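For the sequence shown, the residue numbers in mature numbering (1 follows the signal peptide of the UniProt record, and there is no 0) are -24 to -1, 1 to 659. One structure is given here, and the rest of the page talks about it.
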Amino acid sequence: MNRIRLMAACSACIVVALTGGASAQDHSHGAHGAPAPFGAWGFDLAGRDTSVKPGDDFNEYANGTYLRTTEIPADKARFGPFDVLYENAQSQLKSIIEASAANPVNANAQKVGALYASFMDEARVEQLGAAPMAADLAAVKAITDHAAMARLMGASHSGFGGSLFGVAVFEDLQNPNINSAYLAQGGLGLPDRDYYLKPDFAAQREAYLAYLTQTLTAIGWTNPAQSAADILAFETKVAEKHWTTVERRQIDKLYNPTKVADLATFAPGFDWTAFLDGAQVGNLDTLVLMENTAFPGIAQVFAETPIETLKAWEATQIVDQASPYLSKAFVDARFEFRGKTLRGQPENRPRWNRGVALVDGQLGEVLAQEYVRLHFPASSKAQMETLVDNIRAAMTERLKTLDWMSEATREQALYKMSKFGVKIGYPDKWRSYDGLELTAGDLYGNVERSSAFEWAWQRGKIGKPVDPLEWGMTPQTVNAYYNPPRNEIVFPAAILQAPFFDPNADPAVNYGGIGAVIGHEITHGFDDQGRKSDGDGVLRDWWTPEDAARFEARAKVLGDIYNSLEPLPGVHVNGDLTMGENIADLGGLLLALDAYHKSLNGQPAPVIDGLSGDQRVFLGWAQVWREKSREAALKEQLTTDPHSPGSVRAATSPRNIDAWYAAFGVSPDQKAYIAPEARARIW
């Protein structure tokens, strides 16, 4: 079950994807759910802290009372508007799943009911204990050489297990109408290389060692403590070879087409033929290597590691991945480490939540069809189309008037803008799940067969034309994204709710919410990585050297501002890691303001509860990011996530916008003040 999320490298989302385990960043309103505390016109006035000056801390001013009085639920590591919408979607999906189980009107409904029933049958799961893993663990124990281990790593794409390398299928970055196979680094059990190499993660390493020992003991492995120590030493060597999170953001550096026949010479010590055969892609002629300079070192570590250590490592990978679908002892052990230790989450999610997340992950487009029918009115799509048109027009206007861009680059930028694709709500074509066999009494087998089915679907696309109707997210996903190879922005139905979008809210709040999200995704097409693809989605440099230098200089100003921020004592925001998202936040908010101003048609904005139109746009923006995080989760985010924390996002983009200073009367003596000449001005 070796899933390399290439889309995370190539596409830019508004937040890290939410999952049912320990999630990312919520309250619903309007057409999708019950009313939420966003006041009569879409902003929660009671959530402000008016004792704080906006120019001292805009997040505290806009959200301070809410943040002080809101407790993070025990089954969450982080809590904010995205989480509330996620929970609403989960409840709605639960109803859909239960209805399918009660009345399976077709084969898809039967699959939904069977998968959910297999997860919810705790008695059956407890009775089986570790038995479902027996065949997979026996296959590991039977390995006698490195070639067989490489083959098993390849086979992990179709089931439980780990690999030092992962194959993924995505648009070819220089021929985006065709799907190519990509090869990426993998093999780490901790969230990032820094967890192995930096002294401030020593406690996490110690806990990981204990978890590995516990895991090996549970399956009767010989010398579990020594094997666990060997695994940690092995993974540390692999981590030393890995690219950093900042390096992995450089999209042009991740595109390295290589003949499969050359891999043995380029990265000797790893049996590439056996690996690719195991992954059922042995017929490939070419692979696109992502973190290519890491591969020789990782292959060498593999070759130099005793086979018994590799076998113990593979066994722990299987158990770790399978634990959510095994008996309570395995579930609890995994959560104790991955939930409590790594993310500070006190309690696991209720079983039904985890069951819904499983069905959503494996049969998402089946659930989506009913979700859209029940929870996404046509009027929401029509209003979104208007908002998108307005924000696109605002970006086009900014591109036309930028004083630092030459005409040669401007022409290309405007062409790219004219080619932007937009998808709203749900896909026009649904995926087929024909051939996927799911049965009510076999949870482990259901997950394994689902993984094999997914990988067969993915690898079947290699070398074939890209399906322009395919989505990278389901409609019930609370997120949005920009995809460079397709030069398109996508807004799933689930994000089109308050506080992002409420058809009954004040337009200024909607512009500060979903308007800024739309602008955020559009700006991704022109951020430090998105700007490397042209209007047809082709990865190429279409900038004059002078314009590129001017862009980089302006981006550095923004990066330095974020580098100075310290959400945790001694832990700063990484301005390089978060650069693309920070540029998109700033651009998105500017575009939202522009579009709001244009929507007034020359008339003065109404004053509501003593707040001007511009003030309400900025407050709408801040409300979207009113989140709380547990310290461990925040530390993980600051280490691994290209998105800045919500508190930073709420307050920092406004500090670089002149209109914010005017709207709130921010003066030089206030803490958040940035002198005009020091503000970041990009788009």
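Using N, Cα and C, we set each Cβ at its ideal position, and we do this for glycine too. Please read all numbers here as calculations on a predicted model, not as lab measurements.
Compare the Cα-Cα distances from residue i to each of the options and report the closest residue.
i, options, result
"L414", "P630, R225, V466 and Q338", "Q338"
"N558", "R657, S629 and D170", "S629"
"E216", "S299, M109 and K174", "K174"
"G513", "F136, N155 and S356", "N155"
"N459", "G439, R435, R507 and N199", "R507"
"W17", "P403, A298, N480 and G40", "N480"
"D418", "A118, A93 and A194", "A93"
"D261", "R319, T191, A157 and D168", "A157"
"E341", "W380, P621, I73 and E497", "I73"
"V101", "Y301, Y487, L412 and K213", "Y301"
"residue 691", "P545, S509, V600 and L166", "Here the chain has residues from -24 to 659 only, and residue 691 is not among them."
"A398", "L343, R425, F467 and A354", "The displayed chain sequence assigns Val, not Ala, to residue 398. Ranking L343, R425, F467 and A354 by Cα distance to V398 puts F467 first."
"T41", "G23, V28, F34 and G31", "G23"
"I294", "T317, F136, A370 and L334", "F136"
"residue 674", "S76, M266, R657 and M125", "Here the chain has residues from -24 to 659 only, and residue 674 is not among them."
"I227", "L595, G556, L614 and A309", "G556"
"A531", "W597, L541, T554 and S509", "T554"
"W518", "R592, R386, A432 and D536", "R386"
"N329", "S620, D32, N632 and N64", "N64"
"H548", "A638, T615 and G491", "T615"
Roughly how many whole angstroms lie between the Cα atoms of residue i and residue j?
i, j, result
"F306", "L104", "12 angstroms"
"G641", "E98", "59 angstroms"
"S382", "E528", "15 angstroms"
"H8", "L159", "For H8, the pLDDT reaches just 32, beneath the cut-off of 50, and the residue's location in the model is therefore unreliable, leaving the point undetermined."
"L43", "E607", "15 angstroms"
"H5", "P475", "With a pLDDT of only 30 at H5, under the threshold of 50, the placement of this residue in the model should not be trusted; the figure read from the coordinates follows. Rounded to whole angstroms, H5 to P475 spans 8 angstroms at the Cα level."
"L363", "K611", "36 angstroms"
"A389", "Q202", "57 angstroms"
"N539", "Q646", "20 angstroms"
"D170", "N82", "48 angstroms"
"H573", "A560", "20 angstroms"
"L515", "A205", "43 angstroms"
"K395", "N463", "7 angstroms"
"P326", "K52", "11 angstroms"
"A654", "L534", "9 angstroms"
"E280", "R181", "23 angstroms"
"D404", "G589", "36 angstroms"
"C(-12)", "T450", "13 angstroms"
"N422", "S299", "14 angstroms"
"K115", "V257", "Note that residue 115 is Ala in the sequence shown here, rather than Lys. When rounded, the distance between both Cα atoms is 21 angstroms."
"F19", "P543", "25 angstroms"
"P49", "G254", "43 angstroms"
"D308", "S623", "32 angstroms"
"A638", "I498", "26 angstroms"
With DSSP collapsed to three states, give me the class of residue i.
i, result
"F146", "strand"
"E653", "helix"
"Y487", "helix"
"P282", "coil"
"G331", "helix"
"V295", "helix"
"V547", "strand"
"A7", "Low confidence applies to A7: its pLDDT is 31, below 50, so where it sits in the model is not reliable enough to give any reading."
"F141", "strand"
"A106", "coil"
"A(-13)", "strand"
"L587", "strand"
"P644", "coil"
"N232", "strand"
"A(-1)", "For A(-1), the predicted model reports a pLDDT of 31, less than 50, meaning its position is unreliable and no value from the coordinates is stated."
"V264", "strand"
"S540", "coil"
"L515", "strand"
Less than 8 angstroms between the CB atoms is what I'm expecting for residue i and residue j, so what's the real figure, rounded?
i, j, result
"V145", "K437", "5 angstroms"
"H351", "A456", "Going by Cβ atoms, the distance from H351 to A456 rounds to 17 angstroms, so no, they are not a contact pair."
"P80", "V442", "At roughly 33 angstroms, the Cβ-Cβ gap does not stay under 8 angstroms, so P80 and V442 are not in contact."
"V454", "Y172", "Between Y172 and V454 the Cβ distance is about 32 angstroms, and since that is not below 8 angstroms, they are no contact."
"Y420", "P108", "3 angstroms"
"A106", "I195", "6 angstroms"
Would you say residue i faces chain C, with C-beta separation under 9 angstroms as the test?
i, result
"P618", "Of the chains in the structure shown, none is chain C; there is only one protein chain."
(request) With a floor of 4 residues, list each alpha helix (DSSP H) that falls wholly inside the segment 152 to 200, ordered by position along the chain. (result) You should have 170 to 173 and 178 to 194.
(message) Quick check for students: name the residue ranges of the alpha helix (DSSP H) that lie wholly in the segment 48 to 78, counting only runs of 4 or more.
(response) Counting only runs of 4 or more, we get 57 to 78.
(message) Going residue by residue through the segment 428 to 469, where are the continuous beta strand (DSSP E) segments of at least 3 residues, counting only ones entirely within it?
(response) Secondary structure in the segment 428 to 469: the beta strand (DSSP E) runs of 3 residues or longer, each lying completely within the stretch, are 457 to 459 and 464 to 468 in chain order.
(message) Suppose only complete runs of 3+ residues qualify. What are the beta strand (DSSP E) ranges in the segment 9 to 35, listed by chain order?
(response) If we require 3 residues or more, the segment 9 to 35 turns out to have no beta strand (DSSP E) run fully inside it.
(message) Extract the residue ranges of the beta strand (DSSP E) inside the segment 374 to 433, only unbroken runs of 3 or more that lie entirely within it.
(response) Fully enclosed beta strand (DSSP E) runs of 3 or longer: 397 to 401.
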